[in-house]
Ligand SMILES: [Ca+2]
Ligand SMILES: [Ca+2]
Ligand SMILES: [Ca+2]
Ligand SMILES: [Ca+2]
Ligand SMILES: [Ca+2]
Ligand SMILES: [Ca+2]
Ligand SMILES: [Ca+2]
Ligand SMILES: [Ca+2]
Ligand SMILES: [Ca+2]
Ligand SMILES: [Ca+2]
Ligand SMILES: [Ca+2]
Ligand SMILES: [Ca+2]
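Residue numbers (the working numbering), protein chains in the order written: chain X, 1 to 192; chain U, 1 to 192; chain L, 1 to 192; chain S, 1 to 192; chain H, 1 to 192; chain Y, 1 to 192.
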């Protein structure tokens with residue numbers, strides 16, 4: 001069933017947390033690479049803020065290419081397509097920033113993403129992770145979808161105690177200040 | 001009569017299912033290839049969601065080029081024009097995604113599409129097939145047009161029993177989770 | 001007098017039929033070619049549907065270049081300008097599709113267009129000719145302008161008997177299903 | 001005083017006739033050429049119809065380059081800037097078409113334009129001159145500005161007798177059907 | 001204090017006169033050149049008419065490059081950035097045309113602009129200087145800012161006697177018909 | 001906590017002062033460089049005036065490349081991404097001009113920015129620093145964030161005495177007329 005946690009670790013597909021008028025939900029960031037000239041294509045009825053968030057995420061990964069063992073010429077020789085499924089549903093906001101960093105890095109390095117991990121947080125150009133809204137609802141939606149590890153921004157740590165005990169105790173919370181830490185947690189170490 | 005099932009299997013023309021205020025209908029996705037530089041042209045009064053759906057379908061086919069025996073350089077050396085006839089009728093939504101995958105693949109590989117097959121389903125960048133609305137009406141429209149095989153998303157399986165018995169018994173339903181399965185069903189195996 | 005049938009067969013100028021609030025009229029599709037890089041320029045206050053119709057017509061001609069004895073490299077080495085005169089009058093709709101196919105083909109192959117022929121019909125990417133509205137009014141306008149042969153879509157055949165006898169008997173109607181048939185009828189065989 | 005007839009024949013500046021809510025006026029079409037890559041720049045607060053008219057005029061001149069002794073490679077190696085002064089006044093409509101043909105041709109061939117000539121008429125891609133509105137008011141404005149020769153479309157010939165006798169008798173009217181005739185009348189034969 | 005006359009002659013910065021709802025003011029046109037490909041960048045919250053005025057001014061300078069001892073290849077090998085400070089204040093209209101001609105010419109030729117000179121006038125593509133509105137208010141603003149020489153269009157000469165005697169007697173008025181005369185007056189002869 | 005003064009001097013991140021309806025705040029200008037072709041990318045929900053301010057800041061730094069020991073070819077061979085975090089918050093106005101100059105210069109020269117410095121001021125193309133609004137509120141916000149040095153425009157000097165004594169005495173104010181002085185103050189001399 002779409003929206004539920006994956007049954008296997010995936011490459012180039014990261015799970016973010018969304019917050020809608022009818023409660024929390026998950027969303028998936030899919031990244032596809034093709035030989036090309038460095039074009040970034042964004043689809044899935046994304047608003048301007050979310051598009052800028054994707055550009056920022058990509059520039060962050062690019063600036064970290066040496067640390068991530070990515071050939072710096074990779075970006076000029078490939079096009080990157082980022083799609084967020086359920087193409088008729090409008091999506092916006094910066095809170096999928098770290099999810100985009102993770103999906104892009106996974107797609108390029110071919111390191112799979114742990115299937116039990118959901119994440120939320122704005123990312124800045126130098127990798128700072130900024131707080132987001134709706135952590136409680138997002139976490140409940142992640143729990144319903146079968147996720148067990150939640151990555152969240154340091155500045156949202158205080159919001160964890162708003163989550164009902166019954167749910168909170170079934171989840172592992174990972175507090176991050178920088179996108180480096182997100183990749184450390186979300187990416188599976190081994191090659192597949 | 002336009003809108004009726006083709007009299008022969010066609011290359012580069014797939015039949016989708018539409019759902020309008022006056023009931024279900026079929027629509028055709030036409031794909032034409034010309035030597036070029038990788039440009040994608042979309043015509044037929046398509047809304048933004050449908051345009052993004054076409055881009056997603058194309059990226060999916062591109063990412064599968066090895067499996068589909070497509071020369072990876074094909075895409076840089078050709079322009080692709082996707083047209084949806086009845087050019088004055090506005091069309092939108094993601095549900096022609098798998099129809100676009102099929103028409104693009106047929107046009108490139110020159111494998112004909114089975115003329116009795118209609119299909120509906122959103123496609124994601126990695127080929128997941130997502131549920132659509134209006135299955136009952138779409139199926140009735142497909143039946144009226146003379147189609148006999150309907151490809152639909154796994155998450156819409158439950159909606160089959162809403163279709164009147166008299167129609168349902170004349171149709172063959174193919175349930176899919178991934179675009180690979182769509183191509184398996186819709187493309188005629190032999191070269192023409 | 002502009003709008004009347006030409007006094008000689010022309011190259012690159014085809015006559016279509018229009019349907020306005022004040023009755024039927026003719027319109028001319030002019031095509032000019034210059035050495036270039038494959039750009040398509042559209043002028044004459046054309047609406048989006050009519051622009052897409054021109055793009056579809058051009059792709060159709062391109063896909064038929066072998067049959068039409070057109071050097072496939074022609075399209076990359078020329079710019080094509082399509083203009084519809086009376087530049088202040090807004091025009092829209094897909095029904096000039098076959099007129100555009102004819103004018104483009106004439107301009108490239110330098111085959112003249114029979115001056116007594118008017119035509120109306122949407123064209124799809126693979127050359128299917130789809131029905132249009134207002135056949136009666138369009139035919140009356142064509143008759144007033146001095147045209148004697150009317151090309152119309154197969155699916156509009158039933159509308160011929162709505163045309164007053166006095167006019168119908170002075171006209172020759174050519175019923176077509178495919179753009180190939182249009183070119184067969186409208187283009188003068190000989191070089192000029 | 002700007003708006004009055006020039007005191008000498010000019011290269012690249014042709015005088016058109018305008019028709020505003022407060023009566024007829026003249027307008028000048030200025031054309032400047034620079035080494036470049038074939039870009040067309042249009043300034044002077046021109047509406048879309050007038051911009052398309054300029055594109056049509058340019059394509060016409062281009063298609064006539066052989067007859068006009070213009071090197072066909074000229075257009076790829078130069079940028080063309082067309083400006084209509086009084087930059088804050090909005091201007092629109094197709095009736096400056098033949099004025100644009102004249103100014104462009106003069107700028108490229110360096111043949112001066114007769115300073116006593118004003119002109120009005122839509123031009124099509126193949127040089128047909130189509131009728132315009134407001135001939136009486138335009139002619140009165142041209143007369144006030146000191147012009148003595150008026151070029152007008154064949155289909156407006158009937159409107160000449162609406163012009164008051166006192167003015168009509170001081171003017172020479174040149175009736176044209178094709179842009180070739182306009183150039184014949186407006187361009188001064190000799191090099192300057 | 002910004003807005004006051006400069007304390008030294010400047011290169012690439014010319015002073016224009018503005019006319020706002022609260023009276024006359026000065027504005028500065030800053031021009032910066034960088035190695036590039038002939039791009040024109042316009043900033044300072046400029047309206048469309050003012051942007052077109054800048055394009056016209058640039059084309060004029062380009063067409064005069066021989067007279068101004070500018071290498072004709074200069075324009076293809078540099079980008080030109082024109083900025084009008086006080087970036088939050090909307091500005092529009094054609095009356096800074098001659099100021100733009102002056103600032104561009106100064107930036108390219110490195111000839112400084114006389115610091116005591118303010119100017120106003122629309123420029124056409126061939127350098128004609130057209131009249132502007134608000135001369136009285138503009139002149140009062142220029143006087144307050146410490147300017148002592150005012151360049152104005154010939155067709156505004158009649159407006160000089162509307163300026164109060166006390167101010168008029170402290171200013172030197174330069175009447176121009178062509179942009180050549182503006183450069184003659186505004187540019188300092190010597191290299192700095 | 002995001003928005004507080006950095007704990008270490010940073011490269012490519014400068015702190016500006018913002019003025020919102022709920023009081024003063026800080027904002028950070030992040031600059032990232034990648035090998036490229038001279039493209040400027042701007043993200044962070046920036047209004048048109050702020051985007052133009054960034055373009056102006058970049059052109060200023062470019063024009064000063066010799067003084068700043070920057071290889072003039074640097075700009076053609078790199079893309080520059082400027083991001084202002086808190087991507088969902090709209091930002092506009094020219095007052096981050098000098099902050100952008102500082103962040104760009106730091107990113108290119110790799111000289112760190114003193115972490116205790118906040119700054120506000122419009123910059124013009126030649127580096128003039130123009131006055132801004134809301135100095136009192138901006139300064140209070142900077143103080144709350146832990147900054148101790150405030151760079152402000154000369155024309156705002158008079159506004160310093162509006163700041164409460166208790167805050168004013170804990171801050172060091174640096175008055176500037178030109179962007180050169182800003183870099184002198186904000187950039188840490190040593191390489192890191
Ligand atoms: Ca969902
Ligand atoms: Ca709490
Ligand atoms: Ca239909
Ligand atoms: Ca059911
Ligand atoms: Ca007509
Ligand atoms: Ca009938
Ligand atoms: Ca006038
Ligand atoms: Ca009459
Ligand atoms: Ca001012
Ligand atoms: Ca007076
Ligand atoms: Ca803040
Ligand atoms: Ca004070």
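In this text, a Cβ means the ideal position worked out from N, Cα and C, and glycines have one as well.
As computed with DSSP, residue 170 (chain S) is found in no beta bridge at all. Residue range 40-43 is occupied by the beta strand (DSSP E) that includes residue 43 (chain U). Assignment of residue 128 (chain L) by DSSP, reduced to helix, strand and coil, places it in the strand class.
In its chain, beyond the 5 residues on either side, 95, 120, 121, 122, 153 and 156 have a beta carbon closer than 7 Å to the beta carbon of residue 132 (chain X). Closest option to residue 84 (chain Y), judged by alpha-carbon separation, among X:47, X:104 and X:53: X:53. Note: residue 94 (chain S) is not bridge-paired with any residue in the DSSP secondary-structure output. Separation of residue 14 (chain S) and residue 145 (chain H) (C-alpha to C-alpha, rounded to the nearest whole angstrom) is 41 Å. Closest option to residue 26 (chain S), judged by alpha-carbon separation, among S:109, S:147 and S:92: S:147. By DSSP's assignment, residue 83 (chain L) forms a beta bridge with L:30 and L:43. Only residues of its own chain outside the window of five on either side were considered, and among them 38 have a CB closer than 6 Å to the CB of residue 76 (chain Y), listed in chain order. Counting along the chain, the unbroken alpha helix (DSSP H) around residue 182 (chain X) starts and ends at 179-186. By DSSP's assignment, residue 35 (chain Y) forms a beta bridge with Y:78. For the region 38-50 of chain H, the set of positions with a beta-carbon nearer than 8 Å to some beta-carbon of chain Y reads 41, 43, 44 and 45 in chain order.
If you ignore the 5 residues before and after residue 30 (chain S), its C-beta comes within less than 6 Å of the C-beta of 13 and 83, all in its own chain and listed in chain order.
Secondary structure note for residue 152 (chain S): its beta strand (DSSP E) is the uninterrupted segment 149-153. For residue 19 (chain Y), the uninterrupted beta strand (DSSP E) run begins and ends at 13-20, by DSSP. With a threshold of 8 Å between beta carbons, residue 126 (chain S) makes contact with chain L. Residue pairing of residue 175 (chain H) in beta bridges, as defined by DSSP: H:152.
Within the model, the alpha-carbon separation for residue 88 (chain U) versus residue 127 (chain L) is close to 17 Å. The criterion of a C-beta distance shorter than 8 Å is not satisfied by residue 109 (chain L) and residue 151 (chain L).
Taking 8 Å as the cut-off, the Cβ atoms of residue 60 (chain H) and residue 125 (chain H) count as close. Beta-bridge analysis with DSSP links residue 117 (chain H) to H:149.
Using a Cβ-Cβ cut-off of 9 Å, residue 155 (chain U) is close to 1 and 2 of chain X, given in chain order. Chain-order list of chain H residues neighbouring residue 88 (chain S): 49, 93 and 94, by C-beta distance under 7 Å. Contact between residue 57 (chain L) and residue 104 (chain L) holds: CB atoms are separated by about 6 Å, below the 8 Å threshold. Assignment of beta-bridge partners to residue 24 (chain Y) by DSSP yields Y:19.
Against chain U, the beta carbon of residue 13 (chain X) has neighbours under 8 Å at 126, listed in chain order. As far as DSSP is concerned, residue 55 (chain X) takes part in no beta bridge. By the neighbour-count criterion, in which a residue is buried when 16 or more other Cβ atoms sit within 10 angstroms of its Cβ, residue 166 (chain Y) is exposed. Residue state for residue 89 (chain X) is assigned as coil, using DSSP reduced to three classes. For residue 62 (chain X), at least one C-beta of chain Y is nearer than 8 Å to its own C-beta. For residue 181 (chain H), no CB of chain S lies under 8 Å from its own CB, so it is not counted at the interface with that chain.
The residues 46, 47, 48, 49 and 50, in chain order, have a CB closer than 8 Å to that of residue 92 (chain U) in the same chain once the five nearest residues on each side in sequence are set aside. For residue 144 (chain H), the enclosing alpha helix (DSSP H) begins and ends at 135-144. The shortest CA-to-CA distance from residue 20 (chain H) to any of H:183, H:137 and H:170 is the one to H:137. Annotated three-state conformation of residue 6 (chain U) is coil, per DSSP.
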